[in-house]
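Student: Please find one structure pasted underneath; my questions will follow.
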Amino acid sequence: MTSTLVESPVVADRAHALRLAKQVIKTLDQTQLEPIVAAMLTDGHKAALSAMAVSRDEPNLFEQFLVLCEEAGLLSEADCDQLGDAYVEARRARAA
Numbered sequence: 043m044t045s046t047l048v049e050s051p052v053v054a055d056r057a058h059a060l061r062l063a064k065q066v067i068k069t070l071d072q073t074q075l076e077p078i079v080a081a082m083l084t085d086g087h088k089a090a091l092s093a094m095a096v097s098r099d100e101p102n103l104f105e106q107f108l109v110l111c112e113e114a115g116l117l118s119e120a121d122c123d124q125l126g127d128a129y130v131e132a133r134r135a136r137a138a
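For the sequence shown, this note's numbering assigns the number 43 to the initial residue and increments by one for each residue that follows.
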């Protein structure tokens, strides 16, 4: 039985994290990240997100995914910067 990216809430390795990020950049659909981000969040992360929600400064799922992957050692800071920039460019291109 083959597991799809959405069915597996755990990111296996750097290649898996990159594949997920590039898929989101391509489609701009972050829904596939919901179970993954939820599984990766610690109680500390949840408390920080609650505080951010009060200030209405909650990051999107893609940003959360990148931060969590960087903290887990799956992606480097440079990877996250490049993927974040690519996501912003894709959103701008779609809006144009």
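C-beta: ideal position from N, C-alpha, C; glycine also. All figures in this text were calculated on a predicted structure; none of them were measured in a lab.
Any idea what DSSP makes of Leu83, helix, strand or coil?
Tutor: Note: Leu83 maps to coil in three-state DSSP.
Student: Can you tell which of Leu117, Ala138, Arg134 has its C-alpha closest to the C-alpha of Leu62?
Tutor: Taking only the C-alpha atoms, the option nearest Leu62 is Leu117.
Student: Buried or exposed, going by whether 16 or more other CB atoms sit within 10 Å of the CB of Gln106?
Tutor: Flag for Gln106 reads buried.
Student: For Cys111 and Pro77, what's the separation of their Cα atoms in angstroms?
Tutor: Each residue's Cα considered, the two are about 14 Å apart.
Student: If I follow the unbroken alpha helix (DSSP H) through Val109, where does it start and stop?
Tutor: Per DSSP, Val109 belongs to the alpha helix (DSSP H) from 103 to 113.
Student: Can you give me the C-alpha to C-alpha distance between Gln124 and Leu75, rounded to a whole angstrom?
Tutor: Near 18 Å, if we compare the C-alpha coordinates of Leu75 and Gln124.
Student: Distance, Cα to Cα, Lys68 vs Ala132?
Tutor: Computed Cα separation, rounded: 7 Å.
Student: Between Leu103 and Val79, how many whole angstroms is the CB-CB distance? I'm expecting something under 8 Å.
Tutor: Confirmed, Cβ separation roughly 6 Å.
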